[in-house]
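All the letters of the sequence shown, read from the start, carry residue numbers 1 to 259 under full-length UniProt numbering.
We put the CB at the ideal spot given by N, CA and C, even for glycine.
Computed from a predicted model, the values in this text were never measured in an experiment.
Below: the structure, in structure tokens.
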Amino acid sequence: MDLHLAGRVVLVTGGSDGLGAALVRTLAAEGARVAFCGRDEARLLAVAEQAAQGPGEVLPIVADVRDPDALARFVDAAADRWHAVHGLVNNAGASSAGPFETQDDDVWQADLDLKLYAAVRACRLVLPHLRRAGGGAIVNSLSVTARAPGAASMPTSVTRAAGLALTKALSKEFGADGVRVNAILVGLVRSGQWERVAAGQGVPVDELYARMGTASGIPLGRFGHAEEFADLVAFLVSDRAAYLTGTAINLDGGMSPVA
Ligand SMILES: NC(=O)c1ccc[n+]([C@@H]2O[C@H](COP(=O)([O-])OP(=O)(O)OC[C@H]3O[C@@H](n4cnc5c(N)ncnc54)[C@H](OP(=O)(O)O)[C@@H]3O)[C@@H](O)[C@H]2O)c1
Numbered sequence: 001m002d003l004h005l006a007g008r009v010v011l012v013t014g015g016s017d018g019l020g021a022a023l024v025r026t027l028a029a030e031g032a033r034v035a036f037c038g039r040d041e042a043r044l045l046a047v048a049e050q051a052a053q054g055p056g057e058v059l060p061i062v063a064d065v066r067d068p069d070a071l072a073r074f075v076d077a078a079a080d081r082w083h084a085v086h087g088l089v090n091n092a093g094a095s096s097a098g099p100f101e102t103q104d105d106d107v108w109q110a111d112l113d114l115k116l117y118a119a120v121r122a123c124r125l126v127l128p129h130l131r132r133a134g135g136g137a138i139v140n141s142l143s144v145t146a147r148a149p150g151a152a153s154m155p156t157s158v159t160r161a162a163g164l165a166l167t168k169a170l171s172k173e174f175g176a177d178g179v180r181v182n183a184i185l186v187g188l189v190r191s192g193q194w195e196r197v198a199a200g201q202g203v204p205v206d207e208l209y210a211r212m213g214t215a216s217g218i219p220l221g222r223f224g225h226a227e228e229f230a231d232l233v234a235f236l237v238s239d240r241a242a243y244l245t246g247t248a249i250n251l252d253g254g255m256s257p258v259a
């Protein structure tokens with residue numbers, strides 16, 4: 001299936017590792033023009049080098065999404081380079097969950113800053129560009145905990161539930177402008193964050209994937225691959241998904257207890 005993404009300008013936050021990096025490579029392979037950000041320049045440049053093998057173009061930008069000025073510079077850099085923006089993927093994030101009574105205000109504020117306010121601001125910055133282009137797509141990378149919060153899952157589960165509400169509310173408000181807004185609810189997918197968990201535990205990452213893939217009760221019996229996330233998001237930002245908006249898709253091998 002041709003996604004017709006050649007020449008489309010897509011912004012990806014958190015594109016220097018894991019799911020975001022796979023997405024940058026996939027979009028570039030589809031011929032898109034991809035601006036992506038993260039805080040670490042070396043990791044951004046490494047992904048840019050991999051993605052440069054595709055027919056698309058890439059623009060790595062050092063930006064901390066918690067900093068409103070840096071976020072604005074990121075969006076402006078893409079718009080200045082390519083004179084249009086057709087898509088935004090709010091993907092930057094990190095896991096933050098633990099027993100409720102151990103999570104103080106600073107932990108809650110940090111999670112909201114990184115995963116909610118950054119997405120709110122990025123949407124606000126990008127929407128005028130999408131309207132000018134006659135429409136476009138926003139995809140919010142969330143977690144299955146948004147709909148199925150477990151014990152000791154906060155603040156992430158609450159922040160992600162807010163991201164789900166943001167997704168739905170934006171889809172209602174901007175559908176008339178041709179802007180589609182969807183979310184991916186991620187379960188357990190191979191990425192840099194899990195490599196760091198394995199390193200912290202002193203075990204090979206494949207061992208961690210095998211152990212958790214079995215112990216987590218995933219019907220398909222394994223962790224997902226970052227490329228599986230990338231394929232789904234590439235479809236959602238493309239016009240092939242033209243009638244999909246306001247929805248959230250579990251990417252979890254069937255793990256979530258709710259559809
Ligand atoms: N993989 C999973 O199993 C899973 C499950 C549920 C939800 N998710 C969500 O999916 C998204 C991607 O996760 P991942 O597993 O791919 O994580 P990852 O491998 O740790 O990658 C996270 C990306 O976000 C960037 N990032 C983090 N903080 C940032 C900041 N303040 N400003 C700009 N960029 C920032 C990181 O770059 P720098 O650190 O260099 O800035 C990196 O590029 C996250 O939102 C995560 O919460 C993933």
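- Three-state secondary structure (DSSP) of A92: A92: coil per DSSP, three-state reduction.
- Query: How many Å lie between A84 and V186 at the Cα?
  - Reply: Answer to the nearest angstrom: the Cα atoms are 29 Å apart.
- Where A68 sits in the DSSP three-state scheme: The sequence given here has Pro at residue 68, not Ala. If DSSP states are grouped into helix, strand and coil, P68 belongs with the helices.
- Query: Does the Cβ of M1 have 16 or more other Cβ atoms within 10 Å, making it buried, or fewer, making it exposed?
  - Reply: When all chains shown are included, M1 counts as exposed.
- Just to confirm, does L188 get its C-beta within under 7 Å of one of the non-hydrogen atoms of ligand 1? Yes, the Cβ of L188 comes within 7 Å of a heavy atom of ligand 1.
- In whole angstroms, what is the alpha-carbon distance linking G253 and G213? Inter-residue distance for G253 and G213 is about 10 Å (C-alpha atoms, whole angstroms).
- Task: Report, in whole angstroms, the separation of the C-beta atoms of A148 and V258, which I expect to be a contact under 8 Å.
- Result: About 5 Å; that satisfies the 8 Å criterion.
- When every heavy atom of ligand 1 is checked, does at least one fall within less than 7 Å of the C-beta of N91? N91 has its Cβ nearer than 7 Å to a heavy atom of ligand 1.
- Query: According to the Cβ coordinates, are G15 and C37 closer than 8 Å?
  - Reply: Result yes, Cβ atoms of G15 and C37 sit closer than 8 Å.
- Message: To test your reading of the DSSP string, which unbroken beta strand (DSSP E) runs of 3 or more residues are found completely within the UniProt domain "Ketoreductase" (8-165)?
- Response: Within the UniProt domain "Ketoreductase" (8-165), the complete beta strand (DSSP E) segments of 3 residues or longer fall at 9-13, 33-38, 57-62, 87-90, 136-143, listed in chain order.
- Query: By a C-beta neighbour count over all protein chains shown, 10 Å radius and 16 as the cutoff for buried, is L220 buried or exposed?
  - Reply: Burial call: exposed.
- Flag A63 as yes when its Cβ comes closer than 7 Å to any non-hydrogen atom of ligand 1, and as no otherwise. At a threshold of 7 Å, A63 counts as near ligand 1, since its beta carbon sits closer than that to one of the ligand's heavy atoms.
- Query: Between which two residues does the beta strand (DSSP E) containing residue 291 stretch?
  - Reply: This structure cannot settle anything about residue 291, because the visible part of the chain is limited to 1 through 259.
- Task: Drop a sphere of 10 angstroms on the beta-carbon of L45, count the other beta-carbons inside from all chains shown, and report buried for 16 or more, exposed for fewer.
- Result: Burial call: exposed.
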